[in-house]
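Take a look at the structure set out below.
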Amino acid sequence: MAGAMKALIIDVEGTELTKEERAFFKKHNPLGYILFARSCKEPKQLKALTDSLREISGREDVPILIDQEGGRVARLRPPHWRKTVPADVYAKLAARDEKAAKEATYLNNRLIAMELQAQGINVDCTPVLDLLVKGMSDVIGDRAFGTEPRQIVKLATEVCRGMMDSGVMPIIKHIPGHGRTKVDSHHELPVVDAPLEVLRKTDFVPFKELAHIPWAMTAHVIYTAIDDKLPATHSKKVVKVIRDEIGFDGLLLTDDLSMKALSGSYAERVHQSINAGCDVVLHCNGKMAEKAEVAENTPLMSQQAMDRFTKGFKALPKPKKLGAHETEQALATLISPVQVA
């Protein structure tokens, strides 16, 4: 079922597709899919699920996304998949030995991406480029690669390199920066009052330095210095900053439209996101009625969005071979000085 695709990435309810889901996906032909822990029980089952998504879409390159950052944000977990540590472990290592931290970050993400590839998953919603800011919400917390933009750039670059060397597309997030939020956007709308000059010298820096990465995910955050009324996902002013000042010209994906930071009907959320300049909307964890409202109101991919999508996947190199066991041993040795039980 190749052909015109809707500018939509949507979740899967369980470990295998229901008859209702199959009919829904065939009808709407979304650009791609996102998986959560509820759909990832064991390797054989998961590979069968991703195979069925490719069969329904009729596209080998259909994006199948997952959040596998490491640490608390990991959908694949033991006993079937490797236990991973959060970004702040690599940040702590960088304070002791930057070279070792960069190597460890690269190896960790090679291993993560190899696991994803084996299951038919080709996009990972990582790395987090948000700053760790004292006194702010812990929604970012140990997911951050530190407090300093330059360190974040160095380590996040290794995340992207490791992912792409294993044939998985990374997504830089949450553009243009979620670190200064006092509340969690999953539950309410954060407002950042920092002056634009401060944002330019801090939060924007990692995104500007990694603007060449093909995919990015928006932040559901109001930045009063740019637009004091609308969150980035719905703001033409903020998207203009993302495109023109930060310099990101890749595929711009919204964060989950079901998050409580956003208001209005799902139809309104879709329209505002696309009108603001987002290329693709993401909808997760919704009931079928909500999914239907999102899908019915999502337009087909624009030509510009299709060009960005195509260009991005063409940029992925062929996966490089790597010995998993030896790499795990090397990684364990590198992070052992800062490893916590």
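So the sequence shown is numbered by our numbering: it starts at 2 and just counts up by one. In this text, a Cβ means the ideal position worked out from N, Cα and C, and glycines have one as well.
Residues of its chain near residue i, where Cβ-Cβ distance is below 7 Å and the 5 sequence neighbours each way are ignored
| i | result |
| --- | --- |
| Arg-111 | Gly-163, Asp-166, Ser-167, Leu-323 and Thr-328 |
| Glu-61 | Arg-55 |
| Ala-268 | Glu-294 and Asn-298 |
| Asp-68 | Val-74, Arg-76 and Cys-126 |
Per DSSP, the bridge partner or partners of residue i
| i | result |
| --- | --- |
| Lys-7 | Pro-31 and Leu-301 |
| Lys-174 | Val-129 and Met-218 |
| Leu-66 | Ile-35 and Val-124 |
| Leu-283 | Ile-10 and Asp-257 |
| Tyr-224 | Val-193 and Asp-228 |
| Val-74 | Gly-71 |
Extent of the continuous beta strand (DSSP E) to which residue i belongs
| i | result |
| --- | --- |
| Gln-69 | 69-71 |
| Asp-257 | 252-257 |
is_contact[residue i, chain B] using C-beta, thresh 9 Å
| i | result |
| --- | --- |
| Ile-176 | The structure shown contains no chain B, having only a single protein chain. |
Cβ-based burial, residue i [other Cβ within 10 Å; buried from 16]
| i | result |
| --- | --- |
| Gly-59 | exposed |
| Ser-236 | buried |
| Lys-135 | exposed |
| Ser-303 | exposed |
| Ser-266 | exposed |
| Arg-181 | buried |
| His-326 | exposed |
| Gln-305 | exposed |
| Pro-207 | buried |
| Gln-330 | exposed |
| Arg-270 | buried |
| Met-289 | exposed |
| Ala-96 | exposed |
| Lys-292 | buried |
| Asp-131 | buried |
| Gly-4 | exposed |
| Asp-228 | buried |
| Ala-38 | exposed |
| Glu-99 | exposed |
| His-188 | exposed |
| Pro-79 | exposed |
| Pro-196 | exposed |
| Glu-198 | exposed |
Beta-carbon gap between residue i and residue j smaller than 9 Å
| i | j | result |
| --- | --- | --- |
| Asp-280 | Phe-314 | no |
| Glu-116 | Leu-77 | yes |
| Leu-301 | Lys-20 | no |
| His-272 | Val-222 | no |
| Leu-200 | Val-192 | no |
| Val-282 | Ile-35 | no |
| Ala-220 | Asp-256 | yes |
| Gly-369 | Ile-214 | Given a span of 2 to 342 for the chain in the structure shown, any question on residue 369 remains unanswerable. |
| Ala-114 | Leu-156 | no |
| Val-63 | Leu-32 | yes |
| Ile-122 | Thr-51 | yes |
| Leu-263 | Leu-332 | no |
| Lys-183 | Gln-120 | no |
| Asp-143 | Pro-87 | yes |
| Lys-261 | Ser-138 | no |
| Val-129 | Ala-145 | yes |
| Gly-147 | Ile-153 | yes |
Same chain, Cβ closer than 8 Å to residue i, neighbours up to 5 away in sequence not counted
| i | result |
| --- | --- |
| Leu-94 | Ala-101, Ala-102, Ala-105, Leu-335, Ile-336, Pro-338 and Val-339 |
| Ile-57 | Met-2, Leu-18, Arg-23, Phe-26 and Lys-27 |
| Met-170 | Pro-64, Asn-123, Val-124, Asp-125, Met-164, Pro-215, Trp-216, Gly-313, Phe-314 and Leu-317 |
| Leu-108 | Gly-163, Thr-328, Ala-331, Leu-332 and Leu-335 |
| Pro-177 | Leu-200, Asp-204, Phe-205, Phe-208, Ala-220, Tyr-224, Ala-233, Val-239, Val-242, Ile-243 and Ile-247 |
| Arg-151 | Val-206 |
Beta-carbon contacts of residue i that lie in its chain and below 6 Å, excluding the five residues immediately before and after
| i | result |
| --- | --- |
| Phe-249 | Ala-212, Ala-217 and Ile-243 |
| Glu-43 | His-81 |
| Gln-46 | Thr-16 |
| Ile-172 | Cys-126, Trp-216 and Met-218 |
| Thr-85 | Gly-71 and Ala-75 |
| Ala-342 | With a pLDDT of 39 at Ala-342, under the threshold of 50, the modelled position of that residue is not reliable, and no figure is offered here. |
| Leu-254 | Met-218, Val-281 and Leu-283 |
Element boundaries [alpha helix (DSSP H), containing residue i]
| i | result |
| --- | --- |
| Cys-161 | 150-166 |
| Pro-44 | 44-58 |
| His-213 | No alpha helix (DSSP H) contains His-213, which DSSP labels as neither H nor E. |
| Leu-18 | Note, Leu-18: premise wrong, no alpha helix (DSSP H); not H, not E. |
| Ile-275 | 267-277 |
| Lys-237 | 237-241 |
| Arg-111 | 99-119 |
| Thr-328 | 325-336 |
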